[in-house]
Amino acid sequence: MPIGVAEFVENQENRCPVVLLLDTSGSMSGEPIKALNDGIKTLIINYWVRMF
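In the working numbering, the protein residues as written are 129 to 180.
Take a look at the structure:
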C-alpha cells in the first residue's frame, strides 16, 4: 500500500524496516518448515503486541 510523502514525513513514530528472506525449498520440508513457521508466528505476535 503506497503512502503519501506528507504522511511519511508527519509520522514521528520510530520505525525499523524489516525484510524476511524465507527458504521454502524442498530441503525445508517437515520439521525445518514447521520451525520456520513457528518463528514467523512468534515474530508477528511480538510485533503486534508492541505496536498496540
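C-beta atoms are modelled at their ideal positions from N, C-alpha and C, and glycine is treated no differently.
For residue i, does the three-state DSSP call read helix, strand or coil?
| i | result |
| --- | --- |
| Asn174 | helix |
| Glu141 | coil |
| Asp151 | coil |
| Gly167 | helix |
Output needed for residue i: all residues of its chain with C-beta closer than 8 Å, excluding positions within five of it in sequence on either side, in chain order.
| i | result |
| --- | --- |
| Leu150 | Leu164 and Ile168 |
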